[in-house]
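K.L.:
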Amino acid sequence: MLKQRPFLIETLTAIGLIVAPFVLPHLGFAPNTVNRILVWGLFGLGFDILFGFTGLLSFGQSAFYGTGGFVAAYLLTRAGFGNVLGALIIGMIAAAATGYLIGLIALRRTGIYFAMITVAIAEVFFFVEFNPLSDFTGGENGLPGVPTPSFNLGFTTVHFTNGWSLYQFIALCYFIGVIIALRIVRSPVGAIFSAIRDNPLRATAVGHNIHGYKLTAFVIAAAYAGFAGGLLGVLQAFMPPDAFTFDTSGQLVMQTAIGGRGTLFGPLVGATVWLFLQDFLQSALGLGAAWKLVLGVVFVLLVCFLRGGIIGGLADLYRLLSGRRKRSDAEAEPDTETTLHLAPAPMQAKEVAHPAYSGPVLKATGLTKRYGGLVANSDIDFSVNQGELRGIIGPNGAGKSTFFKMLTCEIAPTSGQIVFEGRDITGLKVTEVCQLGLTKSYQVNQLFTGLTVRQNLTIAALAELRGKFRLDLFRKLSSVKGLTEQVEHTLALVNLTRRADTPVAELAYGEKRRLEIGLALATSPRLLLLDEPLAGMSPRERVETVKLLKSIARGRTMIIIDHDMDSLFELVERVTVLQEGKVLLDGTPEEIRTNAAVQEAYLGGVHGEIAA
Amino acid sequence: MISWPNLVSQLFNGLALGALLALISSGLTIIYGTLGVLNLAHGAMFMIGGYAGFVAYQYTESFILAVIAGSLFVMLLGVAMERVIIRHFYHRPHEDQLLVTFGLGICFVEIIRLIFSSQSQLVPPPAIFQGITNLGFMFYPTYRLAVVGIVAIALGALFIILYRTRLGMIVRAGIEDSVMVDSLGINVYRVFMVVFGIGAMAAGFAGIVNAPVVSLTPGIGDDILVQTFVVVVIGGVGSFPGAILGGLIAGEIISVTSMFNPGYAYVMLFAAMTLVLVVRPHGLLGVQGRE
């Protein structure tokens, strides 16, 4: 729908902003209230990119709101700087720079640590503003006398003074803010933001430098906050010190959650509800100071029962009403999945960095992993040749998964060395190794659960096409060269083309399993590790998946762990048997099948054929 | 400018503040360690403890009864909060847990503001701890010395619960690996309820013990919450010894810096936190695990 009408949201926003001054007065909104809502909305655009899209809940946005506001206000009131727009932009840059420095510290940790650190940081800013810097910030008096903007157009001077006149200026700022935010959200970087929110571990594993992207989101949020803070000063003709208080951050968080996170417009809706209720409860109902309690209760109820906030709730309602018909249409379609499934051409692996290289693709020597006293892997020597299909078997606890984790550099070996295509990768990060062309599909699905199948594969493919970090914030996703082809191709390979626009949460288990493999495939690895790709599948799904694995094996080196030996022996050329963290044996499936030591390892000394 | 008695008395102030922070942070950290929920309403628990004690004191005129009533009330409040709301959030993302506890904290503060107004309320210290004590080289308010003792006893009690009882063993095991504890057939949800109650009580107890030192206002918990976060980050999330060490460090930093310039107290606190994050990202006594 968005693709069909590319400027729908922008157009609707513009119409809404133009119509607002004619409609809102009749609903009891004073122009000043509307301006305030827009400032909160602009503040929230950046915050929603950070929280709603990237999943980083910061309680410290007041630090950047205040920084931007006071830098702009200081320039305009004390430093004799005449250009209001220029001051706002300098304030924004100052806030973004502060955000960069703070982000370096706060983003050292994730989750609740991040939340706690941002709270602490915001508090520091509040105290610094009040005391050490009070000569510049006016301390508790704030900075009065912030001028309003005027623009000399040569033939006439446009001056935005207050009320609806100032609204035009603020609305324009908000509109530009929306356009920029939409561009960011729809860019490759935006796609990676939501990947970080949904599954940071996998976003790292498919080859994105998520720390860089998190810092980007943090700086974007700080820049929006800084500009909005400057506007607050312009709006009030006074820069209030309480912009720096924890309450400011808290109000922003609450408004965003009330309006709906991850929607960009949530903070605007939330601010509207907040300011309207504040007015309404205080004056119309005469509740006095109790208005905040009512809002607090509303907020708690929304978090409990309506996670998507007001916009999310409306979207669900719309889907409920319009989606029924669509679903019945889809069900009427005949199930052609099995009949139409033609094997697509094998996908090209990543270009070899140095084609002259001809030794083993992977060579591990003396690989050992100890967890305290427990030795998971001990002195493993292992090598795989170009184009080989290798199986790894071993009883539970033999150290197969640990071995894989060391090969993909998810965990560092205690000792030993790993060489991939002649290059020592020991001690590298999982992201870098994936960028080199070595990745893994996980034993337990690691998908981006909130996104569709296509979006999942897009994120993986982007890592290969763009490298681990790139700031193409304003580029359209569709203009990334080769992306569509790669995603379509992977979809066809893992036989999910028909499910491309289905959210992951609605997939059947077998389909999720195929997507898991698809995520690894979409990064075009030259060496693909598969950790129990058949686990938990029905016999029919196994047959299909074995077929899939055969088709992707062409032109690629693969190592497969699985317990389903019949399927595995059918697939691979050689098998390595691990037992108690050591290599027990290495040979062709035939040799393994008849080997007495292997039978002993599995069956505890009872001789006979291995039961599958 | 800096006299020795002044410095020593500030060090004592730091000790008293640090002991309080240690107790509050212990509550926060065992809740987080066991339940995986960061309770942003923890500061409100501290505040409500103070007010509950204040009300009990008005009726009984007994400080000891006030402490008991205040702690018990907050414990029950914590249990109720866990039963009614928090338990529905164990399987929801961290952000939702943060949002809901943040919202509850605001509701608690506003309810108290509605009942008691924003004016500050005074709880006098108990008669035996009134006045000042001659320490030989300086005079020091008796009650502040008593606070250190009272809080030390409370921390000792918490230590015994955590390290000498079956419940404590489960809690500590849960901090290491909650999935494992769950699969051992222990009813973790009942443990969660009790832990939430104890954690809240630690804050509530601190709230009423602190009430005679500073006057009560509805917003008193907000600053404490922020300081508690710093303590937990410095000490290491989920670590009881870490909370105590972090509490004492934070208390001394705030007090000693305040002697030179109160405006820099938070800056120094923040600098210490940053230093710890850079040198030991998991906190001084924290372990790599829960995040």
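Those protein sequences? They're chains A and B, same order as listed. The numbering of the first sequence is UniProt numbering, which starts it at 1 and goes up by one. The numbering of the second sequence is UniProt numbering, which starts it at 1 and goes up by one. Think of the CB as a built atom: it goes at the ideal place given N, C-alpha and C, for glycine as much as any other residue. What you are looking at is a predicted structure, and each value in this text was computed from that prediction instead of being measured.
Shorter than 8 Å from the beta carbon of residue 292(B) to some beta carbon of chain A?
P.N.:
In the structure as shown, chain B starts at 1 and stops at 291, and residue 292(B) therefore has no counterpart that could be examined.
K.L.:
Where residue 306(B) and G43(B) are concerned, what is the direct C-alpha to C-alpha distance, given to the nearest angstrom?
P.N.:
With chain B covering only 1 through 291, there is no way to say anything about residue 306(B).
K.L.:
Over what stretch of residues does the alpha helix (DSSP H) that includes T452(A) continue unbroken?
P.N.:
No alpha helix (DSSP H) contains T452(A), which DSSP labels as neither H nor E.
K.L.:
Just how far apart, CA to CA, sit T408(A) and V34(A)?
P.N.:
The straight-line gap from Cα to Cα measures roughly 53 Å.
K.L.:
Contact criterion: CB-CB distance below 8 Å. Does S165(A) meet it with respect to chain B?
P.N.:
With 8 Å as the cut-off, S165(A) does not count as an interface residue toward chain B.
K.L.:
Starting from S383(A), trace the alpha helix (DSSP H) in both directions and tell me its first and last residue.
P.N.:
Segment 374-384 is the beta strand (DSSP E) holding S383(A); no alpha helix (DSSP H) there.
K.L.:
Between which two residues does the alpha helix (DSSP H) holding M273(B) run?
P.N.:
Element bounds for M273(B): 265-279.
K.L.:
Starting from the Cα of V232(B), find the closest Cα among A203(B), M273(B), G70(B) and give me that residue.
P.N.:
Among A203(B), M273(B), G70(B), the Cα nearest to that of V232(B) belongs to M273(B).
K.L.:
Ends of the alpha helix (DSSP H) at D562(A)?
P.N.:
Neither: D562(A) is in no alpha helix (DSSP H) and is coded neither H nor E.
K.L.:
What are the residues of the segment 91-109 of chain B that lie near chain A, defined by any Cβ-Cβ distance shorter than 9 Å?
P.N.:
From the segment 91-109 of chain B, only R92, P93, H94, E95, D96, Q97, L98, L99, V100, F102, G103, L104, G105, I106, C107, F108, V109 have a Cβ closer than 9 Å to chain A.
K.L.:
Using a C-beta cutoff of 8 Å, does R109(A) count as contacting chain B?
P.N.:
Yes, contact with chain B.
K.L.:
Any beta carbon from chain A within less than 8 Å of R113(B)'s own beta carbon?
P.N.:
Yes, contact with chain A.
K.L.:
Is the segment 55-62 of chain A close to the segment 171-184 of chain A, with three or more CB pairs under 8 Å?
P.N.:
Too few Cβ pairs lie closer than 8 Å, so no.
K.L.:
Please classify F192(B) as buried or exposed, where buried requires at least 16 other C-beta atoms within 10 Å of its C-beta.
P.N.:
So F192(B) counts as buried.
K.L.:
State the start and end residues of the unbroken beta strand (DSSP E) segment that holds T157(A).
P.N.:
Taken as a continuous stretch (DSSP letters only), the beta strand (DSSP E) holding T157(A) covers 157-159.
K.L.:
According to DSSP, Q255(A) sits in a beta bridge with which residue or residues?
P.N.:
Beta-bridge pairing links Q255(A) to no other residue.
K.L.:
So V123(B) is in the alpha helix (DSSP H); what residue range does that whole segment cover?
P.N.:
Per DSSP, V123(B) belongs to no alpha helix (DSSP H) and is neither H nor E.
K.L.:
Determine whether the Cβ of Y65(A) lies closer than 8 Å to any Cβ atom of chain B.
P.N.:
It does not: the Cβ of Y65(A) has no partner Cβ on chain B nearer than 8 Å.
K.L.:
Can you look up T263(A) in the DSSP assignment and give me helix, strand or coil?
P.N.:
Coil, per DSSP.
K.L.:
Give the residues from the segment 293-305 of chain A that approach chain B closer than 7 Å (Cβ to any Cβ), ordered along the chain.
P.N.:
Here the close residues are L293, G296, V297, F299, V300, V303, C304.
K.L.:
For S178(B), which residues of its own chain have a beta-carbon under 6 Å away from its beta-carbon, when the five flanking residues on both sides are left out?
P.N.:
Closer than 6 Å at Cβ, skipping near neighbours: no residue.
K.L.:
Please classify G482(A) as buried or exposed, where buried requires at least 16 neighbouring CB atoms within 10 angstroms.
P.N.:
Burial call: exposed.
K.L.:
When we look at the beta-carbon of T118(A) and count the other beta-carbons within 10 Å, is it buried (16 or more) or exposed?
P.N.:
Classification of T118(A): buried, given that the 10 Å Cβ count is 16 or more.
K.L.:
Leaving out five residues before and five after G177(A) in sequence, what residues of the same chain have Cβ atoms less than 7 Å from its Cβ?
P.N.:
Same-chain partners within the cutoff: L42, L45, Y224.
K.L.:
For L143(A), does the three-state DSSP call read helix, strand or coil?
P.N.:
Strand, per DSSP.
K.L.:
In the DSSP output, what is K369(A) paired with across the bridge?
P.N.:
Answer by DSSP bridge pairing, in chain order: N377(A).
K.L.:
Determine the direct distance from the alpha carbon of N210(B) to that of C304(A), and round the result to whole angstroms.
P.N.:
Computed Cα separation, rounded: 33 Å.
K.L.:
Name the two residues that bound the continuous beta strand (DSSP E) containing I392(A).
P.N.:
That run of the beta strand (DSSP E) goes 389-393.
K.L.:
Buried or exposed: where does H26(A) fall if 16 or more other Cβ atoms within 10 Å of its Cβ makes it buried?
P.N.:
That one is exposed.
K.L.:
Consult DSSP for R307(A) and reduce its assignment to one of helix, strand or coil.
P.N.:
Reduced to three states, the DSSP call for R307(A) is coil.
K.L.:
In its own chain, which residues sit with a C-beta less than 6 Å from the C-beta of F169(A), not counting the 5 before and 5 after it?
P.N.:
Correct list, in chain order: P149, F160.
K.L.:
Please state whether DSSP places P503(A) in a helix, a strand or coil.
P.N.:
Three-state result, P503(A): strand.
K.L.:
Taking the CB atoms as reference points, tell me whether G229(A) and G99(A) lie closer together than 8 Å.
P.N.:
Contact flag unset, no.
K.L.:
Does I160(B) pass the burial test, meaning 16 or more other C-beta atoms within 10 Å, or should it be called exposed?
P.N.:
With fewer than 16 Cβ atoms within 10 Å of its Cβ, I160(B) is classed as exposed.
K.L.:
Can you list, in chain order, the residues of its chain with a C-beta nearer than 6 Å to that of G27(B)? Leave out the 5 residues immediately preceding and following it.
P.N.:
So the list reads G199, A202, A203, once near-sequence residues are dropped.
K.L.:
Taking a contact to mean a Cβ-Cβ separation below 8 Å, would you say L75(A) touches A63(A) in this structure?
P.N.:
Not closer than 8 Å, so no.
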